[in-house]
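K.L.:
In the numbering used here, the protein residues as written are 53 to 501.
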């Protein structure tokens, strides 16, 4: 429904979208020339004023969840109707990654100023290949092709519907009976049903999404003790989780910056630490020989086997004397609790890396609800490394800074990483669909067979 200045292709490479061309004028200035003839769904032309409005709003509106991603932008100068300069606060080695993210889509300035943001949220328009038709909460969102799309109109589809089906069994049933064409997060329990049905098949690909346990380290919490955090990691059999619940379709990891992302520390990938006896010893050394009680939250039904993984983790921790009270939550309730920093001693998340870069660690540790400050951690070396890497235009030096940062994170167990997901989709044989690394389902790329 929307477009950005830049985007990523199916291989994860940055390519032009609304930008006809772009270049780096100096360390702080990027020049973009927009494509001619791009219009929003109401017919208004998309210009540099819309880009300025969108990006400066992202910087200034502190209520936006994605606002921190754009904090490096100082101002946007409109030079001509289709030409602009974007000026950053400091040298930003991640700038192109930022404007290629899905959160950097360009909004219609005139439409929003005339109608208001609340009206826009209920009646959105963009410049993409599909335009909004209707939305029914908890049921569906529907679209239809935009016949004036600048890259050429959609040819195979007269309507596009995203149905809201929270239960995995319901999604599979709808796929098998022809109610939907594509479903995400297909678990190993359903693979044989989908493969055994003559009209459906599986499509799998590696993802950027990692399962993570986030511990608090505030002085009042048991997990402030590094020996407790180490015991938690050693108590978890990652390989068993992968084999038992995910059909082998995942890779154990001790970092979120996995191969394929800039700055990956491959020594921390495809590896796991599992030692129940040592975990028990660590708890004894930490003063918890008789065990301990912790609280943990996890989403339920948002990600593949999230409930089952959380429950299995709880069982593994119980084996070493850590009793965990698990709260499984509907996604919106969980997100609200997490963003308000009201989670328990532990919480589980499944995060992707939309930057394709170790830069994601900056947001995680230096700001936001999961920052070192909010979670009670204090590590001057890590903070210094990440602060320097954030503006370092020397790519080799920057890579080394991030690789060292990941070693510190793993040593301190600031995050306990479990596995990198492999995405598995159920697909009707009536369509051509190839999974993307970024997990986006772009209907414009899907064709009829």
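Beta carbons: idealized from backbone N, C-alpha and C, even for Gly.
Mind checking whether residue 473 and residue 223 have CB atoms under 8 angstroms apart?
P.N.:
The residue given as residue 473 occupies position 421 in the chain shown. The residue given as residue 223 occupies position 171 in the chain shown. No; because the gap between Cβ atoms is not below 8 angstroms, this pair is not in contact.
K.L.:
Given residue 77, which residues of its chain have a CB within under 8 angstroms of its CB, disregarding the five upstream and five downstream residues?
P.N.:
Mapped onto the chain shown, residue 77 falls at position 25. Answer for residue 77: 83, 137, listed in chain order.
K.L.:
Please state the DSSP three-state secondary structure of residue 274.
P.N.:
Numbered from 1 along the chain shown, position 222 holds the residue referred to as residue 274. Residue 274 falls in the helix class under three-state DSSP.
K.L.:
Considering only the alpha carbon of each residue, which of 242, 299, 380, 315 lies closest to residue 401?
P.N.:
Here residue 401 refers to the residue found at position 349 when the chain shown is read from its first residue. Looking at the Cα atoms, 380 is the closest of the given residues.
K.L.:
Between residue 202 and residue 87, which are expected to be in contact by the criterion C-beta below 8 angstroms, what is the C-beta distance as a whole number of angstroms?
P.N.:
Along the chain shown, read from residue 1 onward, the residue named residue 202 stands at position 150. Along the chain shown, read from residue 1 onward, the residue named residue 87 stands at position 35. Contact flag correct, Cβ pair sits at about 6 angstroms.
K.L.:
Where does residue 368 fall in DSSP's three states?
P.N.:
Residue numbering aside, residue 368 sits at position 316 when the chain shown is read from its first letter. Helix, per DSSP.
K.L.:
List the whole-angstrom C-beta distance separating residue 139 from residue 54, where the pair is believed to meet the contact cut-off of C-beta under 8 angstroms.
P.N.:
If you number the chain shown from 1, residue 139 lands on position 87. If you number the chain shown from 1, residue 54 lands on position 2. Actually they do not touch by this definition, with Cβ atoms about 24 angstroms apart.
K.L.:
Is the separation between the beta-carbon of residue 437 and that of residue 453 shorter than 8 angstroms?
P.N.:
Here residue 437 refers to the residue found at position 385 when the chain shown is read from its first residue. Here residue 453 refers to the residue found at position 401 when the chain shown is read from its first residue. Result yes, Cβ atoms of residue 437 and residue 453 sit closer than 8 angstroms.
K.L.:
Could you tell me the alpha carbon to alpha carbon distance between residue 160 and residue 92, rounded to whole angstroms?
P.N.:
Position 108 of the chain shown, counting from 1, holds the residue named residue 160. Position 40 of the chain shown, counting from 1, holds the residue named residue 92. Rounded to the nearest angstrom, the two C-alpha atoms are 7 angstroms apart.
K.L.:
Tell me which residues share the same chain as residue 72 and place their Cβ nearer than 7 angstroms to its Cβ, disregarding the 5 neighbours each side in the sequence.
P.N.:
Position 20 of the chain shown, counted from the first residue, corresponds to residue 72. So the qualifying residues of the chain are 85, 86, 87.
K.L.:
Residue 469: which of 286, 200, 89 sits nearest, CA to CA?
P.N.:
Reading the chain shown from its first residue, position 417 is the one you call residue 469. Nearest option by C-alpha distance: 286.
K.L.:
In three-state terms, what does DSSP make of residue 199?
P.N.:
Residue mapping note: residue 199 aligns to position 147 of the chain shown, counting from 1. Of the three classes helix, strand and coil, the one that applies to residue 199 here is coil, per DSSP.
K.L.:
Looking at C-alpha atoms only, which residue of 212, 408, 429, 230 is the closest neighbour of residue 272?
P.N.:
Taking the chain shown and counting its residues from 1, the one referred to as residue 272 is at position 220. Selected option, being the one with the closest Cα: 429.
K.L.:
State yes or no: is the C-beta of residue 268 within less than 8 angstroms of the C-beta of residue 113?
P.N.:
Mapped onto the chain shown, residue 268 falls at position 216. Mapped onto the chain shown, residue 113 falls at position 61. Contact: no.
K.L.:
If we count the other Cβ atoms within 10 Å of its Cβ and call it buried at 16 or more, is residue 475 buried or exposed?
P.N.:
As a first step, residue 475 is located in the chain shown; it is residue number 423 there, counting from the start. So residue 475 ends up on the buried side.
K.L.:
How would you label residue 493, buried or exposed, when you count the other beta carbons within 10 angstroms and need 16 or more for buried?
P.N.:
Here residue 493 refers to the residue found at position 441 of the chain shown. Looking at its Cβ environment, which holds fewer than 16 other Cβ atoms inside 10 Å, residue 493 is exposed.
K.L.:
Kindly indicate the opening and closing residues of the beta strand (DSSP E) around residue 76.
P.N.:
By 1-based counting over the chain shown, the position of residue 76 is 24. Start and end: 71-78.
K.L.:
For residue 294, does the count of other Cβ atoms within 10 angstroms reach 16, so buried, or fall short, so exposed?
P.N.:
Here residue 294 is taken as the residue at index 242 of the chain shown, counted from 1. So residue 294 ends up on the buried side.
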